[in-house]
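Chemist: Residue 23 is where the sequence shown starts when you use my numbering, and the numbers rise one by one after that. Before anything else, here's the structure in question.
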Amino acid sequence: MSRGFVREDDQEEPVFIPQRAPIPPGVDNLMTPRGLKLLHEERTELENARASVDSPEGPERRRELAEINGRIALLEERIASARLVEPLDRPDDEVRFGATVTFHITAGPQKGAKRTFTLVGVDEAKIAEGRIAFTAPIAQALLGKATGEKIEFRMGDQVQTIVIQRIR
Numbered sequence: 023m024s025r026g027f028v029r030e031d032d033q034e035e036p037v038f039i040p041q042r043a044p045i046p047p048g049v050d051n052l053m054t055p056r057g058l059k060l061l062h063e064e065r066t067e068l069e070n071a072r073a074s075v076d077s078p079e080g081p082e083r084r085r086e087l088a089e090i091n092g093r094i095a096l097l098e099e100r101i102a103s104a105r106l107v108e109p110l111d112r113p114d115d116e117v118r119f120g121a122t123v124t125f126h127i128t129a130g131p132q133k134g135a136k137r138t139f140t141l142v143g144v145d146e147a148k149i150a151e152g153r154i155a156f157t158a159p160i161a162q163a164l165l166g167k168a169t170g171e172k173i174e175f176r177m178g179d180q181v182q183t184i185v186i187q188r189i190r
């Protein structure tokens, strides 16, 4: 159809739907029970938002619903691909998914710093709250290591030495 027969009002801009945190190809979508619960709560909030859209029929309403439906679709994919990892009831002898690790940086640009992080799924990660994705480079360096073990970790073009102090 010729563009001359299309009304200007019908020219709606595509809806931008922010992508979720990426999961590297070939890596399982590991998730803690807390992380899976948060995703279910997010879905409920989005469903409630969809039910309460009160814009009159028209482009604004279609746009609002398209964004909510798009976000729900991405969330459903994450929930469907989730592989729940329950906490282990055994001694904390090595860093695993879900573990909280405290380490001390003994050499490198952040020498003297002490950090504590919990290794979680990508959707649950929030560095400001001490949760890092298990796919993060520092998490990958820590996985499988034991208390007291030294690790050399590359940060950009510099190397830092990390000593694991505690695993819980």
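Even for Gly, the Cβ is constructed at its ideal location relative to N, Cα and C.
If we ignore side chains and look at the alpha-carbon of each, how far apart do I154 and E89 end up?
Modeler: Near 28 Å, if we compare the C-alpha coordinates of E89 and I154.
Chemist: Distance, Cα to Cα, R84 vs Q41?
Modeler: Going by the C-alpha atoms only, they are around 20 Å apart.
Chemist: In this structure, does DSSP put A71 in helix, strand or coil?
Modeler: The answer is helix: DSSP assigns A71 an H, G or I state.
Chemist: Looking at C-beta atoms only, is the number of pairs between the stretch 137-151 and the stretch 46-59 that lie closer than 8 Å three or more?
Modeler: The answer is yes - the stretch 46-59 touches the stretch 137-151, with three or more Cβ pairs under 8 Å.
Chemist: Go through the stretch 101-164 residue by residue and report every complete run of the beta strand (DSSP E) that reaches 3 residues or more, in order.
Modeler: If we require 3 residues or more, the beta strand (DSSP E) runs fully inside the stretch 101-164 come out as 104-106, 122-129, 136-142, 153-155.
Chemist: Closest to A67 by C-alpha separation, out of S77, L97, P44, T183, would be which residue?
Modeler: Going by the sequence as given, residue 67 is Glu instead of Ala. Checking every option, the nearest Cα to that of E67 belongs to L97.
Chemist: Considering T54, what are the terminal residues of the beta strand (DSSP E) in which it resides?
Modeler: That residue, T54, is in no beta strand (DSSP E); it is neither H nor E in DSSP.
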